[in-house]
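Heads up, the thing below is written out as structure tokens.
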Amino acid sequence: MNLSRARHCAPELIVLDEAGSTNDELADRAAVEALPPYTALVTAHQTAGRGRRDRGWSTPAGRGLAISVLLPSPPPGEAAWLPLAAGLAMRDSVAALLPHSDVNVKWPNDVLVGERKVCGVLGRLTAQGVVMGAGVNVRLRADELPVPTATSLVLAGAADGPDLDDRLLAGYLARITELVGGLLERGAEASGLRLAVTAACGTLGREVRVELPGGSEFRGRAVAIAPDARLVVRTASGDESVAAGDVVHVRP
Ligand code: BTN
2 MNLSRARHCA
12 PELIVLDEAG
22 STNDELADRA
32 AVEALPPYTA
42 LVTAHQTAGR
52 GRRDRGWSTP
62 AGRGLAISVL
72 LPSPPPGEAA
82 WLPLAAGLAM
92 RDSVAALLPH
102 SDVNVKWPND
112 VLVGERKVCG
122 VLGRLTAQGV
132 VMGAGVNVRL
142 RADELPVPTA
152 TSLVLAGAAD
162 GPDLDDRLLA
172 GYLARITELV
182 GGLLERGAEA
192 SGLRLAVTAA
202 CGTLGREVRV
212 ELPGGSEFRG
222 RAVAIAPDAR
232 LVVRTASGDE
242 SVAAGDVVHV
252 RP
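Residue numbers for the sequence shown follow this note's numbering, so the first one is 2 and each next one is one higher.
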């Protein structure tokens, strides 16, 4: 992989031919060596990737990109913004590679092209900071998609040149550094992060079904992202706010 652009967008970029989970690999390295904030670790072949809700995440050799970035820990009240900042950064990078701009963030941590998932984000808290992982379907073919609701950059219309991974990664690293820097310096409100995520969030305005830990659920319309990064859902009996750990299904 030629990642000459991306190398300028992180203080340290670790590129592996193969890794189990890039989140685990970066967390393990950060625990034993001093890595600067925004160090990134990437591979195009992840063999034991992990997704949300104890699912796996597949990155078949050369067809996807698994990226983990060591982010500084924000003050506790702002931590919930990190996955949204990562999702927005990836949304912007993906949008720049496609001939159309129908790319949106599904709150709290997916990137969709139209209704189809192209990237999932999963963070891991460590003593050294937050390891923020992103898995992108880059050039999966239709018969390789893990679920019918997924897509890949190439299926969505990105030009499959030799620099596709480099452009994707460079755009993502530059943007996540900018967004998280703003969050740490000024907070989500003053830095414009809440406004930018709101504008990019395809969940807003949609009818959703929310599953709460413990098994109960409710339905309503997603109407806003609150100052603490929770999703505000308008129900028949008033507004409820939903934490990132709750499961939100967008109803067609
Ligand atoms: C999801 O379930 O949608 C989140 C998927 C996150 C996968 C990425 S790939 C890079 C990083 N390493 C992992 O093991 N998981 C994340």
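In this text, a Cβ means the ideal position worked out from N, Cα and C, and glycines have one as well. What you are looking at is a predicted structure, and each value in this text was computed from that prediction instead of being measured.
Contact check, Gln47 vs Ser22 under 8 Å by CB: the rounded distance?
7 Å
Along the chain, where does the alpha helix (DSSP H) containing Met91 start, and where does it finish?
82 to 96
CB-CB under 7 Å to Ala157, same chain, minus the five flanking residues each way: which ones, in chain order?
Leu99, Val114, Val119
Let me confirm a value: Ser5 is counted as buried when at least 16 other C-beta atoms fall within 10 Å, else exposed. Which label applies?
exposed
Just confirm the distance between the C-beta atoms of Thr235 and Arg222, as a whole number of angstroms; I'd bet it's less than 8 Å.
The sequence as given places Arg at residue 235; Thr does not occur at that position. Yes, they are in contact, since the Cβ atoms of Arg235 and Arg222 sit about 5 Å apart, within 8 Å.
Name all residues in chain order for which at least one heavy atom of the ligand BTN lies closer than 5 Å to the residue's CB.
Ser22, Thr23, Asn24, Gly50, Arg51, Gly52, Arg53, Trp58, Ala67, Gly121, Leu123, Gly134, Gly136
Leu17 vs Ala41 beta-carbon contact at 9 Å
no
Residues of its chain near Met2, where Cβ-Cβ distance is below 7 Å and the 5 sequence neighbours each way are ignored:
Val16, Ala45, Asp166
When the Cα atoms are used, what is the spatial distance from Val33 to His101?
43 Å
Is DSSP giving Arg176 helix, strand or coil here?
helix
Answer with buried or exposed for Gly203, where buried requires no fewer than 16 other C-beta atoms within 10 angstroms of its C-beta.
buried
Less than 9 Å between the beta carbons of Thr127 and Ala31, yes or no?
yes
Residue range of the beta strand (DSSP E) that includes Asp240:
239 to 243
DSSP state of Thr23 mapped onto helix, strand, coil
helix
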